[in-house]
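Quick mapping for you: the protein sequence lines, in order, are chains A and B. Residue numbers 1 to 110, in the working numbering, belong to the letters of the first sequence in order. Residue numbers 1001 to 1118, in the working numbering, belong to the letters of the second sequence in order. A short worksheet on the structure shown next.
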Amino acid sequence: QSVLAQPPSASGTPGQRVTISCSGGRSNIGSNTVNWYQQFPGKAPKLLIYNNHDRPSGVPDRFAGSKSGTSASLAISGLQSDDEAVFYCSAWDDNLNGPVFGGGTRLTVL
Amino acid sequence: EEQLVEAGGGLVQPGGSLRLSCAASGFTFSDYDMHWVRQFPGKGLEWVALITTDGDTHYPDSVKGRFIISRQNVNTSLYLQMNSLRDGDTAVYFCVCEGFGMGAFDIWGPGTMVAVSS
């Protein structure tokens, strides 16, 4: 049972905009910034968004993060077939003194 | 190129021990807090351990008292000593660098598999 709640799946067609939600509590998302990771099968997760909405170098601006209260979301616009992956949200948890993760959302491009 | 490479995974019996290592290169290792994160076979991610640049360590309750994280800045290496291993510790273990602070892990190793089974 993951601390942060994500929908298990999401889907869209090429070119569409898809949003993935992430819900937490006061000790994590409510108090700290949110990060998003993208993971392809057999690979390590890759940092996609940090500090709620910042993108590391090389991440296209089709990926956008936002946060409000104890929830966050990742929006992917101009969906492409190679966006198919599992997406995880995470945030520092003040009670744990470490990061917590969502259970992951598998994105399918139809 | 910034890189992390883990080693030391394998099959171990319940109650046994294993020591993971992680070799870092391409960045100033001593400048960053380092962590171990694991991914269970069902895909969930769990934070396992943190060691700060000052050497302070933190663990979740699930591994506290059983796992020990350490680092050697001279040879840019991170370690995880795992004792009293349980079936539930079976996972892929990733060495990660907190490059952007607040638990934002910008560098990940490929992972090493730890299987605990009799």
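Glycine is no exception: its CB is placed at the ideal position from the N, C-alpha and C atoms.
CA nearest to the CA of residue i, picked from the options
i: Asp1087/B; options: Ala1007/B, Val1037/B, Leu1011/B and Lys1064/B; result: Leu1011/B
i: Phe1067/B; options: Glu1002/B, Ser1030/B, Leu1004/B and Tyr1093/B; result: Tyr1093/B
i: Asp1089/B; options: Ala1023/B, Val1005/B, Gln1013/B and Met1102/B; result: Gln1013/B
i: Ser66/A; options: Ser77/A, Ile49/A and Pro60/A; result: Ile49/A
i: Val109/A; options: Val3/A, Gln1/A, Ser9/A and Thr13/A; result: Thr13/A
i: Ala1104/B; options: Asn95/A, Lys46/A and Ser73/A; result: Lys46/A
i: Thr19/A; options: Asp83/A, Val100/A, Gly102/A and Ala75/A; result: Ala75/A
i: Ser11/A; options: Phe101/A, Ser77/A and Asn95/A; result: Ser77/A
i: Phe1027/B; options: Ser1117/B, Met1113/B, Trp1108/B and Ala1091/B; result: Trp1108/B
i: Asp1054/B; options: Leu1085/B, Val1114/B, Asn1073/B and Glu1006/B; result: Asn1073/B
i: Ser21/A; options: Ala5/A, Asn32/A, Ser31/A and Gly15/A; result: Ala5/A
i: Asn32/A; options: Asp82/A, Arg55/A, Thr70/A and Gly58/A; result: Thr70/A
i: Trp79/A; options: Leu96/A, Pro56/A and Pro60/A; result: Per the sequence shown, residue 79/A should be read as Leu rather than Trp. Of the listed residues, the one whose Cα sits closest to Leu79/A is Pro60/A.
Three-state secondary structure assigned by DSSP to residue i
i: Asp61/A; result: coil
i: Gly73/A; result: For the sequence presented, residue 73/A should be read as Ser rather than Gly. If DSSP states are grouped into helix, strand and coil, Ser73/A belongs with the strands.
i: Asp94/A; result: coil
i: Ser81/A; result: helix
i: Val3/A; result: coil
i: Ala44/A; result: coil
i: Met1102/B; result: coil
i: Ser66/A; result: strand
i: Arg55/A; result: coil
i: Leu1004/B; result: strand
i: Thr19/A; result: strand
i: Thr105/A; result: strand
i: Asn28/A; result: coil
i: Gly1109/B; result: coil
i: Ser11/A; result: strand
Test item: CB-CB of residue i and residue j under 8 Å
i: Ser1000/B; j: Tyr1079/B; result: The shown model of chain B, from 1001 to 1118, leaves out residue 1000/B, and the question about it has no answer.
i: Pro7/A; j: Thr105/A; result: yes
i: Met1082/B; j: Leu1004/B; result: no
i: Ala91/A; j: Val34/A; result: yes
i: Gly1111/B; j: Ala44/A; result: yes
i: Thr1057/B; j: Ala1024/B; result: no
i: Gly103/A; j: Gly1044/B; result: yes
i: Asn51/A; j: Phe1100/B; result: yes
i: Gln38/A; j: Phe101/A; result: no
i: Glu1006/B; j: Cys1095/B; result: yes
i: Gly1015/B; j: Leu1085/B; result: yes
- prompt: Which parts of the segment 1006–1092 of chain B are runs of the beta strand (DSSP E), unbroken and 3 residues or longer, counting only runs that do not cross its ends?
  reply: 1010–1012, 1018–1025, 1034–1039, 1045–1051, 1067–1072 and 1077–1082
task: Examine the Cβ distances between the segment 12–29 of chain A and the segment 1029–1040 of chain B and report whether three or more of them are shorter than 8 Å.
output: no
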